[in-house]
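Mapping to numbering that gives the first Met the number 0: the sequence shown position 88 is 87, numbers consecutive.
Below is one structure, written out as structure tokens; the observations come after it.
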Amino acid sequence: MPIAENEIKQRVLHGDPTVAPEFCRVWLQAVSRTFALNIKVLPTELEEAVRLAYLFMRIADTVEDDRQMPPQVRQELLERFVRCFDAAGGDADEIRGFLDALPTDWVGDDHPDRFLVAHSDLVFAVYRKISPALRKPIDERVKEMCGGMVHYALKRESDGWFQLGTRQELLDYCYFVAGTVGLMLTDLFAEGTMSTHRKAKLRANAVGFGLALQLVNIARDIPADGVRNTIFVPEDICQARGIKPRELWEEEHRPEAAQVLLDLVRLADREVRAAQAYILDLPWYKFRLRLFCLWPLLMSQDTLALLAKDPAAALAGRVKITRSQVRRIVWTTTATCWSNLMLKFQFGSRNNLLQKHLREAIA
0 MPIAENEIKQ RVLHGDPTVA PEFCRVWLQA VSRTFALNIK VLPTELEEAV RLAYLFMRIA
60 DTVEDDRQMP PQVRQELLER FVRCFDAAGG DADEIRGFLD ALPTDWVGDD HPDRFLVAHS
120 DLVFAVYRKI SPALRKPIDE RVKEMCGGMV HYALKRESDG WFQLGTRQEL LDYCYFVAGT
180 VGLMLTDLFA EGTMSTHRKA KLRANAVGFG LALQLVNIAR DIPADGVRNT IFVPEDICQA
240 RGIKPRELWE EEHRPEAAQV LLDLVRLADR EVRAAQAYIL DLPWYKFRLR LFCLWPLLMS
300 QDTLALLAKD PAAALAGRVK ITRSQVRRIV WTTTATCWSN LMLKFQFGSR NNLLQKHLRE
360 AIA
């Protein structure tokens with residue numbers, strides 16, 4: 000554990016009453032180094048709100064994703080977590096009830112996600128200090144996400160496995176865990192600064208922005224998800240390629256599995272076009288907002304190209320773009336983010352490269 004994280008952890012465990020703001024900043028880095036880098040480009044007030052929103056959603060996702068707890072236990076925890084949110088920025092009694100219901104060993108857990116959940120009262124302590132106007136969309140979307148997890152995701156587990164049946168179920172799942180994020184970001188971005196017409200244009204593609212990033216993650220993480228008995232690839236997509244979902248990792252089914260992966264790439268690419276339109280509709284002078292959205296999108300597009308270029312290799316291990324690619328994205332977008340014409344060129348070159356790889360895969 001890095002020195003900064005260990006110091007914060009010890010302060011938390013010793014009950015330091017001043018640690019909450021530092022805990023939120025440092026622990027974002029602990030649970031998502033990529034997002035921690037990305038968020039720094041936002042204006043200060045938005046940075047704080049988006050950081051807290053991400054931590055809340057990470058808390059919900061950690062609970063929902065913990066296969067060591069029975070589904071009914073996770074459902075109860077998510078329902079408790081939803082009740083923590085109120086107009087004042089968090090109900091102290093409900094927060095304590097949520098914390099008391101967690102596994103006791105999470106309090107000092109070495110895993111940063113579980114430690115975050117066990118000390119989520121510190122996130123609420125900072126959350127109470129931001130403006131009610133910014134808390135409102137976070138409250139709404141965190142509750143919606145948790146509701147989707149409770150009434151949708153947890154009901155699709157059997158034999159210790161999570162499995163989706165249809166393409167529509169996949170899109171519904173992605174809506175709850177990522178489309179809601181796109182809508183929340185839109186409300187936060189537009190708060191007091193954008194016209195009703197502009198906000199309506201953004202909302203038209205906000206869900207697509209979230210879905211694009213989530214679908215790329217799902218396509219990229221097929222090998223890693225299998226290790227934890229999770230299959231987001233719908234059964235109907237697998238059946239269309241003559242394969243069962245639990246055969247995706249078997250060497251003898253690699254050709255069919257590669258075609259399944261390419262089908263996911265095509266599905267993600269459709270949402271990528273909506274994500275591109277979303278960014279182009281952000282005001283050109285809101286360059287910080289554009290950069291915040293551009294970096295993960297272009298990284299996702301570069302990942303899609305890698306998946307399409309060699310799907311069989313991607314199924315054998317997690318595909319990841321290089322650090323030099325990340326640096327190139329940051330450098331180029333810093334110079335081009337203000338121009339829709341230049342952004343369309345960047346989008347178009349990636350769109351064309353992906354289509355080239357997909358055509359070659361068919362041939």
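C-beta atoms are modelled at their ideal positions from N, C-alpha and C, and glycine is treated no differently.
- Non-local beta-carbon contacts of Met298 in its own chain, meaning distances under 7 Å to residues more than five positions away in sequence, involve Ile320, Val325 and Ile328 in chain order.
- By the CB criterion at 7 Å, Val215 and Ala177 fall outside the cutoff.
- Annotation for Trp294: the continuous alpha helix (DSSP H) segment containing it runs Phe286 to Lys308.
- Taking every protein chain shown into account, the CB of Gly14 has fewer than 16 other CB atoms within 10 angstroms, so this residue is exposed.
- According to the DSSP assignment, Gln67 belongs to no beta strand (DSSP E), since it is labelled neither H nor E.
- DSSP lists Ile230 as the bridge partner or partners of Gln162.
- Cα atoms of Leu260 and Cys173: separation of roughly 17 Å, rounded to the nearest angstrom.
- Glu249 sits in coil when the DSSP states are folded into three classes, being neither helix nor strand.
- The C-beta separation of Leu314 from Ile221 comes to about 6 Å, placing the pair in contact by the 8 Å criterion.
- Per the coordinates, the alpha-carbon of His252 lies some 11 Å from the alpha-carbon of Pro244.
- Using a Cβ distance threshold of 7 Å, Val318 and Leu303 do not count as a contacting pair.
- DSSP places Glu359 within a helical segment (H, G or I) once states are collapsed to three.
- Per DSSP, the unbroken alpha helix (DSSP H) holding Trp26 starts and ends at Ala19 to Val30.
- Within the region 172 to 229, the complete alpha helix (DSSP H) segments at least 4 residues long are 179 to 189, 195 to 219 and 221 to 226, listed from N- to C-terminus.
- Counting of Cβ neighbours within 10 angstroms places Thr17 among the exposed residues, the total staying below 16.
- The C-alpha of Leu279 is placed about 6 Å away from the C-alpha of Asn339.
- Burial check for His118: the Cβ neighbour count within 10 Å reaches 16 or more, so the residue is buried.
- DSSP places Ser157 within a strand segment (E or B) once states are collapsed to three.
- Sequence-distant Cβ neighbours of Thr179 in its own chain, meaning closer than 6 Å and more than five residues away, are Arg140, Glu143 and Met144.
- Cβ neighbours of Asp108 within its own chain (closer than 7 Å, five residues either side excluded): Phe114 and Ala117.
- Around the C-beta of Leu36, fewer than 16 other C-beta atoms lie within 10 Å, and the residue is accordingly described as exposed.
- Counting only residues of its own chain and dropping the five nearest sequence neighbours on each side, Asp65 has a CB closer than 7 Å to the CB of Arg73.
- By the CB criterion at 7 Å, Phe286 and Trp330 fall outside the cutoff.
- With fewer than 16 other CB atoms across the displayed protein chains lying within 10 angstroms of its CB, Phe344 is exposed.
- Between the C-alpha atoms of Ile137 and Ile361 there is a straight-line separation of about 43 Å.
- Separation of Gly316 and Leu247 (C-alpha to C-alpha, rounded to the nearest whole angstrom) is 12 Å.
- Apart from sequence neighbours up to five positions away, the residues of its chain that approach Leu263 with a beta-carbon distance below 6 Å are Ala218, ordered along the chain.
- Take Ile129, set aside five residues on each side of it, and the residues of its chain with a beta-carbon closer than 8 Å to its own are Glu44, Glu47, Ala48, Leu51 and Gly88, in chain order.
- Taking the Cβ atoms as the reference, Leu296 lies roughly 13 Å from Ala205, outside the contact range of under 8 Å.
- Taking a 10 Å sphere around the C-beta of Lys8, we find 16 or more other C-beta atoms and assign the residue as buried.
- The C-beta of Leu76 has 16 or more other C-beta atoms within 10 Å across all chains shown, which makes the residue buried.
- A distance of 7 Å or more separates the beta carbons of Val40 and Pro111.
- In terms of Cβ geometry, Leu54 and Val122 form a close pair [threshold 7 Å].
- The alpha-carbon of Cys83 is positioned some 12 Å away from that of Ile58.
- The beta carbon of Trp105 is closer than 8 Å to those of Arg113, Phe114, Val116 and Ala117 in its chain, skipping five residues each way along the sequence.
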